[in-house]
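Counted the way my numbering counts, the sequence shown spans residues 184 to 401.
Input: a single structure, listed below in structure tokens.
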Amino acid sequence: MKIVILAGGPATAFDALIKAHTSNADTFFIGVDRGAYRLMQAGFPVHLAIGDFDSLNSEEYAAVRAYADDIQQSPAEKDDTDLELAVLTAMTQFPDASDILILGGLGGRFDHKIQIFYLVLQTRFSGLLSKITLLDAQNVIRFVGPGRHMLRKIPQMTYLAFASLTPVIGFSISQAKYDLPKTDFPSNFSLSSNEFVDKRPVTIDFETGIVAVIQSRD
């Protein structure tokens, strides 16, 4: 089971991204606020619509209510963001889901973007570390914990980058255009503009910490 969550932020080519990374079979679609309306307009199922829906006018909201299998309207003032509520619902309903793909979360307001990027640092979401992927037209961001990880190039992506969410001990990169011997990073780091070589996998290894693996294109 894959979970697709379409947030309410800018989501260029989200329909193509969804088709590239999923099939409608065995996929549960969650639309967050305006994301529910966009899923409907693109012809995808809306198994759950969640949010305060303040970005929809009355006609759009009525259309979503009629289209969605289930709708959960949250108050405008609350402790959790609408996206956090969506992830909590996905985690509760589908604890064995293999992937949680989040789209529409990397553009727009910078505070929302940072909140989504650091989502996996919340204790309640720590078990989703290897399941969450952030997608937009230019980036695919995944998260990994300690250990040895073999990374493969995603078609159409050009660059490979790494950003830590915590201090990291013993981080190394091998088989990339720019390798890195085992290095400790006591503060957060960002290593950008690396590349795959001849389509061979790149291996990273580290002892402690959390690292975002970013594949991107211009």
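Glycine residues also receive a C-beta, built at the ideal position from the N, C-alpha and C atoms.
Out of L348, T341, D381, the CA that lies nearest to the CA of R400 is found in T341.
Of the other Cβ atoms in all chains shown, fewer than 16 fall within 10 Å of the Cβ of Q224; this residue is therefore exposed. Under the Cβ criterion (8 Å, minimum of three pairs), the segment 209-218 counts as touching the segment 232-239. Short of 6 Å from the beta carbon of D388, and not among the five residues preceding or following it, lie these beta carbons of its own chain, in chain order: R331, S355. D252 and Y361 have their C-alpha atoms some 48 Å from each other. Straight across, the Cα-Cα distance linking A196 with D319 is about 8 Å.
Partner residues in the beta bridge of V215, as assigned by DSSP, are I233. Judged by beta-carbon spacing, L312 lies beyond the 8 Å limit of I283, meaning their Cβ atoms are not closer than that value. Cβ neighbours of V303 within its own chain (closer than 8 Å, five residues either side excluded): S309, L311, L312, I315, F326, L348, I393.
The continuous alpha helix (DSSP H) containing R248 extends over residues 241-250. An exposed status is given to R292, since fewer than 16 other beta-carbon atoms sit within 10 Å of its beta-carbon. For V270, the enclosing alpha helix (DSSP H) covers residues 265-276.
Note that the C-beta distance between I352 and T391 is below 8 Å. The residue among Q358, V380, A395, E243 with its C-alpha nearest the C-alpha of L374 is A395. Here the alpha carbons of A219 and V247 stand approximately 7 Å from one another.
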